[in-house]
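Beneath this line is the structure, given in structure tokens, with notes to follow.
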Amino acid sequence: MGANNVHTSVMDEEQMQSPFRTIVRNFLDNKIAMTGLIVFLFILLSSFVLAAIFNLDTSFQDVTQQNISPGFNMLSVPNSLKKNARQIDVGATYSIGVDDEGKVYLWGKMDQKLKQIPADMGKIAQVSAGQNHVLALSEDNKVYTWGNNRFTLDKVPSEVNRLGKIKQVEAGYQVSVVLSEDGKMVSWGNENLLDISLKEYQGTIDKLVSNGTTVLGLTKSGEVVAMSTKPSPFTRVPEEIQGRVVDLESADTAAIALTDDGAIHVWGNAQYGLNVLPEELKGKKIKDIAAGRYHFVAVTDEGKVYSWGRNNYHQADVPNSLDKTKTAVVYAGTYQNYAVDENGKVTTWGLSGYLMGTDGLGRDVFSRLVTGGRMTLTIGAIAVIISTLIGIIVGGFSGYYGGKIDNLLMRFAEIVGSIPFLPLAMILSALLGNKVSELGRISMIMVILGVLSWPGLARLVRGQILAEREKEFVTAAKAMGIRELTIIFRHIIPNVLTVVIVNATLNFASALLTESALSFLGFGVVEPNPTWGNMLTGSQSSTVISDYWWRWVFPSIALSFATISINLIGDGLRDAIDPKSAER
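Counting in UniProt numbering, the sequence shown runs from 1 upward without gaps.
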């Protein structure tokens, strides 16, 4: 009565702390252990949360995106070009543009050969970007080329000089084509790669478009011809559009044509919904079209932009900002888009780059890293759970019963401990080969890794139980008639659980390294499913190590940080449980 009610914390009210609270407090005071915990939680959450967000398509490959360094400059249009762009063309990982003064600009991911723009070209009227080479046409009718020097792509044939007035230059996939005003064409490069034949169409072509497999032409009479020697999806041009086509573009699997009534028509392989026009386009009159690798873009006579097709890099997501402007012309290629309004202002969307680059098959290293982390951590965690359960059971029985049971179980543990995991897993993997599914192979790795790594924990648990079984609470439990299994697993094991947790934590790091080593050697999880180990497998050559550092640096950092942080957590738990261990 009349006393002040003072609320204090539990710590203030209790003069004595429970052992668990003491362990937690000691661990929290350990800055190194807490740093390890934060790092590991970050890796764990990144591997599982980000892997769910960036859903990995394991079958995806793209030859145009091979070995691209980290960075986001593929859509970084130079400031001096943003408001006076005359023309823009898109290559595999870079873009090239010309301003109203005939100056050439390059941006994106490119090698040194592409960066070496020829000097004294004068004012450029037109440019064309190929896979890894460029064609440029000057205002004085001269053709220039640079970039890839294989297949004589870096040399303009003398026949080009005899064409007369040049209308168009087209740089394709390892091939170059030049078109004159009178419809004559000259091509050079790796023509065996592309299925093209120009002879029968000489003097009839008004525009050229190319993709990864062939070259299409728009004749002066408004017809579309596929300059192919063999039937293909591109040769099946709709009859109803012949003689009425005013513009033509081509993706890698389909072509799109604009007819004189403002309608668009698509033919070829109906992949990624390329042949399904947006509902908003129905009844609209189109004035310009463009094509990327697997998507199309169209501009209506009202200046509205629409895009459809594959959208894995958001190349079909037209920015809302374009709704407020009137687009005059649009340029597209691979996974990039550029819309130019009536004032020459450029708006971009699509693939701007990769956070951690790409590998030798054009796959995003970041997406594979987080998905591979989920796989590696899952395999390690399940293997540790298996080994911990077996170790607790074997160590519990051995330490409690002693005698012959103890000798038998410990001798068996020594036999299991003498079996080398890596050679056994490699032998089983070689024998089974493709006879088991990938899920079966992963399950086999987890089970074998868990079954062979328990002896150390079993000996540790045995030693702890040998000390605990002589204590009074065990004698009291026996006197009360409690079953022996209950005494072992409900009364003794909880008293040694902290030691088990420390050992399991350290074993987790070892399991990660073992799985990664197995996958690195090619006997664990195999491609295309990623793990940190098999991501390093493709980085063994000196070329990759020196030129494509991002392919091995990021997986190595992830694996190193994961194992080191787990070891720091384990050391911190050991010091928190037994503070005297830090003094030794």
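For glycine and all other residues, C-beta sits at the position ideal for the given N, C-alpha and C. This one's a predicted model, so the numbers in the text were calculated from it and none came from an experiment.
Where residue i falls: helix, strand or coil (DSSP)
{"i": "threonine 145", "result": "strand"}
{"i": "arginine 441", "result": "helix"}
{"i": "arginine 374", "result": "helix"}
{"i": "tryptophan 549", "result": "coil"}
{"i": "tryptophan 532", "result": "helix"}
{"i": "alanine 558", "result": "helix"}
{"i": "glutamate 280", "result": "helix"}
{"i": "glutamine 464", "result": "helix"}
{"i": "leucine 163", "result": "coil"}
{"i": "lysine 184", "result": "coil"}
{"i": "aspartate 120", "result": "coil"}
{"i": "lysine 404", "result": "helix"}
{"i": "alanine 504", "result": "helix"}
{"i": "tyrosine 313", "result": "coil"}
{"i": "leucine 198", "result": "coil"}
{"i": "glycine 350", "result": "strand"}
{"i": "glycine 189", "result": "strand"}
{"i": "aspartate 288", "result": "strand"}
{"i": "threonine 334", "result": "coil"}
{"i": "asparagine 567", "result": "helix"}
{"i": "aspartate 89", "result": "strand"}
{"i": "aspartate 323", "result": "helix"}
{"i": "threonine 213", "result": "coil"}
Residues bridged to residue i [DSSP beta-bridge criterion]
{"i": "leucine 218", "result": "Lys207 and Val224"}
{"i": "valine 329", "result": "Val340"}
{"i": "phenylalanine 523", "result": "For phenylalanine 523, which the question treats as bridged, DSSP gives no partner whatsoever."}
{"i": "alanine 171", "result": "Ser176"}
{"i": "glutamine 234", "result": "A small fix is needed here, since residue 234 is phenylalanine in this sequence, not glutamine. Note: phenylalanine 234 sits in no beta bridge, so no partner."}
{"i": "leucine 137", "result": "Gln126 and Val143"}
{"i": "serine 307", "result": "Val297"}
{"i": "glycine 108", "result": "Tyr94"}
{"i": "isoleucine 256", "result": "Glu249 and Val266"}
{"i": "alanine 383", "result": "Per DSSP, none; premise fails for alanine 383."}
Cα-Cα separation, residue i to residue j
{"i": "serine 429", "j": "glycine 524", "result": "8 Å"}
{"i": "valine 299", "j": "lysine 324", "result": "14 Å"}
{"i": "glutamate 240", "j": "arginine 374", "result": "53 Å"}
{"i": "phenylalanine 27", "j": "tyrosine 338", "result": "55 Å"}
{"i": "valine 104", "j": "serine 128", "result": "11 Å"}
{"i": "proline 308", "j": "leucine 37", "result": "Note that residue 308 is tryptophan in the sequence shown, not proline. Cα-Cα distance, rounded: 45 Å."}
{"i": "serine 542", "j": "methionine 535", "result": "16 Å"}
{"i": "glycine 212", "j": "aspartate 571", "result": "56 Å"}
{"i": "threonine 475", "j": "isoleucine 405", "result": "21 Å"}
{"i": "isoleucine 166", "j": "serine 560", "result": "58 Å"}
{"i": "valine 340", "j": "leucine 81", "result": "11 Å"}
{"i": "threonine 378", "j": "valine 237", "result": "51 Å"}
{"i": "glycine 102", "j": "valine 77", "result": "16 Å"}
{"i": "asparagine 132", "j": "asparagine 30", "result": "54 Å"}
{"i": "asparagine 311", "j": "threonine 388", "result": "45 Å"}
{"i": "leucine 460", "j": "arginine 483", "result": "24 Å"}
{"i": "valine 178", "j": "glycine 189", "result": "12 Å"}
{"i": "leucine 568", "j": "alanine 33", "result": "5 Å"}
{"i": "threonine 214", "j": "isoleucine 256", "result": "14 Å"}
{"i": "leucine 408", "j": "tryptophan 454", "result": "16 Å"}
{"i": "glutamate 223", "j": "glutamate 191", "result": "24 Å"}
{"i": "glycine 243", "j": "threonine 152", "result": "36 Å"}
{"i": "lysine 113", "j": "alanine 119", "result": "14 Å"}
{"i": "valine 370", "j": "tyrosine 331", "result": "34 Å"}
Exposure of residue i, with buried meaning 16 or more beta-carbon neighbours within 10 Å
{"i": "glycine 203", "result": "exposed"}
{"i": "valine 186", "result": "buried"}
{"i": "valine 24", "result": "exposed"}
{"i": "alanine 562", "result": "buried"}
{"i": "threonine 486", "result": "exposed"}
{"i": "glutamine 168", "result": "buried"}
{"i": "glutamine 540", "result": "exposed"}
{"i": "proline 530", "result": "buried"}
{"i": "glutamate 200", "result": "exposed"}
{"i": "proline 555", "result": "buried"}
{"i": "phenylalanine 520", "result": "buried"}
{"i": "valine 447", "result": "exposed"}
{"i": "arginine 551", "result": "buried"}
{"i": "lysine 285", "result": "exposed"}
{"i": "arginine 150", "result": "exposed"}
{"i": "lysine 220", "result": "exposed"}
{"i": "isoleucine 124", "result": "buried"}
{"i": "isoleucine 88", "result": "buried"}
{"i": "serine 546", "result": "exposed"}
{"i": "valine 63", "result": "exposed"}
Ignoring anything shorter than 4 residues, give me the alpha helix (DSSP H) runs that lie fully in the segment 28 to 87, in order along the chain. Segments of the alpha helix (DSSP H) lying fully in the segment 28 to 87: 31 to 45.
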